[in-house]
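In what follows, a single structure is set out as structure tokens and then discussed.
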Amino acid sequence: MIEMKNVSKAFGPKQVLRGIDLTVGTGESMVIIGGSGTGKSVTIKCILGIIRPDSGQILLDGKDVTKEDRDAFLARFGMLFQGGALFDSLPVWQNVAFRLLRGSLKKPKPEAREIAIEKLRRVGLAPDVADLFPAELSGGMQKRVGLARAIAAEPGIIFFDEPTTGLDPIMAGVINDLIREIVTEMGATAVTITHDMSSVRAIADHVAMLHAGKIRWTGPVSEMDNSGDPYVDQFIHGRAEGPIEAVR
Amino acid sequence: MNPLAALGRGTLDILATIGQIALYAFETVSHLLRPPFYPREFLHQLVAIGWLSLPVVGLTTLFTGGALALQIYAGGARFNAETVVPSIVAIGIARELGPVLAGLMVAGRVAASIAAEIGTMKVTEQIDALTTLSTNPMKYLTVPRVLAATLTMPLLVGIGDAIGIMGGYLVGIWRLDFNAANYMTNTVQFLETWDVVSGLIKAAMFGFIVATMGCFHGMNSGRGAQGVGRATTQAVVSASILILAANYVLTEVFFAA
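First to last, the protein sequences are chains X and H. For reference, each letter of the first sequence is one residue, going 0 to 247 in numbering that gives the first Met the number 0. For reference, each letter of the second sequence is one residue, going 0 to 256 in numbering that gives the first Met the number 0.
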């Protein structure tokens, strides 16, 4: 279980998170929605320890994440980055098997390659993609490789940062389905941040809406349409008029 | 805007940057000594930084050695001391021009490429990705580059010295009618071990500066193409200035009477 308690973060004079309270249960798929620049990515990066919050507490299974052993802590996570964030200098299979080629999870090279190819197959890519370089792949393929890398070490918790941004609607649908399948199959806890409502409906068990650095509303995805919150209504229906200012 | 306030702000910014660079260099050295190590990355950087800089350094010192021979001959002729050409070319190249010019050329080539590569990795979230994959970017990116540059620069400069002296030699015997054997004898006779070694120590320092500046500015790159461009420029400019400043300090330490 991931718990965020009153987490705040400012960058210089800009207050991004103003006391986030959020709980994600084990095995649950939580989707955080919210407009651009509302602090969704910062929230995830705070949990991962890439960004240190100014105040508040983040607990993973009841233990403070800042006091945990970093390596063991990070070994439990997988993350799919918005742009894929694949390493240009490494071929696809070494990207996927990155964690398996070094550090505490190190495996012999042939075994790591085999696992990489199996994970590539799991996300719908042929084995011959393994020896290509990221720059030779299309956007959709890069996302899939990023997904394969996120699941390569079978993490218990997976983060997805805007998994469908920049993809055509069909490819977005494919990635959404893949995420849903993989998360269910692995029994992993998933936290996705997105502003793509089709993603939300395909992936989420629970939804949390972030607005102005706070969690505005949270609840099961089935209740999202009847939340009674004008902010949530405006966002999920994409209305220009409403309490959320269109110009940020 | 109040000019005094602007001056104060500028001074504070510069001091803050100097502090950050010093802390970064210190952190790099501390990571250098602690595992995990990434030997494959290190070998890759040895080739990228050392081997691939060889043509640039070789050509720079070759032409400089040649021009130096012509200049010293012209200068020496004013008081009938043309015979000092071989020894002064050798001493000038080994002590000063070899390490400094090689350092500046490598700063242009290597600091720029390191800053651009790491800056792009930062902008495309590859540095964050490294962290989430339990890999410390300081150990995986910075340490191999800094170590490779620090170790290969003396080698590069050693080879550059030899090529530079050869440049002077070629000009000496072809253009200035020196006797080949005499030129060689004069070169070897007057060149002391410390002349060469001091230059190689300088080179190691310059290598450290170049890679550290490239990594520092890359890791602190701003967003987008403009941010990476600025980081690259800052890396080359700061590396070059620090090389020249360090050269003065080291020369003072090594040779001050």
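Every residue, glycine too, gets a C-beta built ideally from N, C-alpha and C.
Chain-ordered neighbours of residue i on chain B, where CB pairs are closer than 9 Å
{"i": "Phe159/X", "result": "The chain labelled as chain B is not found among the protein chains of the depicted structure, namely X and H."}
Beta-carbon proximity check, residue i vs residue j, cutoff 8 Å
{"i": "Thr27/H", "j": "Val145/H", "result": "yes"}
{"i": "Leu99/X", "j": "Ile114/X", "result": "yes"}
{"i": "Ile92/H", "j": "Leu67/H", "result": "yes"}
{"i": "Phe205/H", "j": "Ile164/H", "result": "no"}
{"i": "Phe215/H", "j": "Ile20/H", "result": "yes"}
{"i": "Ala74/X", "j": "Leu104/X", "result": "yes"}
{"i": "Asp204/X", "j": "Ser28/X", "result": "yes"}
{"i": "Thr211/H", "j": "Gly118/H", "result": "no"}
{"i": "Val144/X", "j": "Val95/X", "result": "yes"}
{"i": "Val122/H", "j": "Gly223/H", "result": "yes"}
{"i": "Asn5/X", "j": "Gly55/X", "result": "yes"}
{"i": "Ile126/H", "j": "Gly57/H", "result": "no"}
{"i": "Val170/H", "j": "Gly65/H", "result": "yes"}
{"i": "Asn135/H", "j": "Lys201/H", "result": "no"}
{"i": "Gly102/X", "j": "Ser133/H", "result": "yes"}
{"i": "Ile202/X", "j": "Ile178/X", "result": "yes"}
{"i": "Ile43/X", "j": "Ile181/X", "result": "no"}
{"i": "Gln3/X", "j": "Thr25/X", "result": "Residue identity differs from the one stated: residue 3/X is Met in this sequence, not Gln. It is not a contact, given that the beta carbons lie outside the stated cut-off."}
Residue range of the beta strand (DSSP E) that includes residue i
{"i": "Leu58/X", "result": "54-59"}
{"i": "Gly46/X", "result": "In the sequence under discussion, the amino acid at residue 46/X is Ile, which differs from the Gly named in the question. Per DSSP, Ile46/X belongs to no beta strand (DSSP E); it is in the alpha helix (DSSP H), 39-47."}
{"i": "Trp216/X", "result": "213-219"}
{"i": "Phe159/X", "result": "156-160"}
{"i": "Gln14/X", "result": "13-23"}
{"i": "His210/X", "result": "205-210"}
{"i": "Glu2/X", "result": "1-10"}
Between the CA atoms of residue j and residue i - distance to the nearest angstrom
{"i": "Glu244/X", "j": "Glu161/X", "result": "22 Å"}
{"i": "Ile31/X", "j": "Val231/X", "result": "12 Å"}
{"i": "Leu199/H", "j": "Thr188/X", "result": "55 Å"}
{"i": "Ser7/X", "j": "Val41/X", "result": "10 Å"}
{"i": "Ile157/X", "j": "Pro242/X", "result": "32 Å"}
{"i": "Ile172/H", "j": "Pro85/H", "result": "10 Å"}
{"i": "Leu3/H", "j": "Asp12/H", "result": "14 Å"}
{"i": "Lys142/X", "j": "Thr37/X", "result": "23 Å"}
{"i": "Phe234/X", "j": "Thr217/X", "result": "14 Å"}
{"i": "Asp167/X", "j": "Val206/X", "result": "24 Å"}
{"i": "Ala24/H", "j": "Gly18/H", "result": "10 Å"}
{"i": "Val199/X", "j": "Pro12/X", "result": "32 Å"}
{"i": "Gly227/X", "j": "Ser197/X", "result": "20 Å"}
{"i": "Arg94/H", "j": "Ile87/H", "result": "10 Å"}
{"i": "Gln233/H", "j": "Leu14/H", "result": "16 Å"}
{"i": "Asp87/X", "j": "Leu32/H", "result": "28 Å"}
{"i": "Phe159/X", "j": "Lys39/X", "result": "11 Å"}
Beta carbon proximity, residue i to chain H, threshold 8 Å
{"i": "Ala74/X", "result": "yes"}
{"i": "Phe289/X", "result": "Residue 289/X cannot be examined here, being either before or after the span of chain X that is shown, 0 to 247."}
{"i": "Gln81/X", "result": "yes"}
{"i": "Leu47/X", "result": "yes"}
{"i": "Ala207/X", "result": "no"}
{"i": "Phe86/X", "result": "yes"}
{"i": "Met170/X", "result": "no"}
{"i": "Gly11/X", "result": "no"}
{"i": "Phe132/X", "result": "no"}
{"i": "Gly138/X", "result": "no"}
{"i": "Arg112/X", "result": "no"}
{"i": "Arg98/X", "result": "yes"}
{"i": "Asp70/X", "result": "yes"}
Neighbour flag for residue i against chain X, beta carbons, 8 Å
{"i": "Leu132/H", "result": "yes"}
{"i": "Asp12/H", "result": "no"}
{"i": "Ala111/H", "result": "no"}
{"i": "Gln125/H", "result": "yes"}
{"i": "Pro35/H", "result": "yes"}
{"i": "Thr115/H", "result": "The sequence given here places Ala at residue 115/H; Thr does not occur at that position. Chain X contact via Cβ: absent."}
{"i": "Ala128/H", "result": "yes"}
Residue i: first and last residue of the uninterrupted alpha helix (DSSP H) it sits in
{"i": "Lys118/X", "result": "108-121"}
{"i": "Leu155/H", "result": "142-173"}
{"i": "Met212/H", "result": "192-218"}
{"i": "Ala111/H", "result": "111-122"}
{"i": "Ala21/H", "result": "2-31"}
{"i": "Ile243/X", "result": "Careful: Ile243/X lies outside any alpha helix (DSSP H) and carries neither H nor E."}
{"i": "Gly33/X", "result": "Note, Gly33/X: premise wrong, no alpha helix (DSSP H); not H, not E."}
{"i": "Leu73/X", "result": "69-73"}
{"i": "Leu69/H", "result": "53-76"}
Three or more C-beta pairs closer than 8 Å, one from the region 204-216 of chain X and one from the region 14-26 of chain X: is that the case here? Flag = yes, the region 204-216 of chain X and the region 14-26 of chain X touch.
Under 8 Å, with one C-beta from each stretch per pair, do the region 85-103 of chain X and the region 127-137 of chain X reach the 3-pair mark? yes
Below 8 Å, can you find three or more Cβ-Cβ pairs linking the region 72-86 of chain X to the region 147-158 of chain X? yes
Is the region 56-68 of chain X close to the region 100-111 of chain H, with three or more CB pairs under 8 Å? no
Do the region 217-230 of chain H and the region 106-114 of chain H make contact, defined as three or more Cβ pairs closer than 8 Å? yes
Sufficient close CB pairs (3 or more, under 8 Å) joining the region 136-154 of chain H to the region 21-40 of chain H: yes
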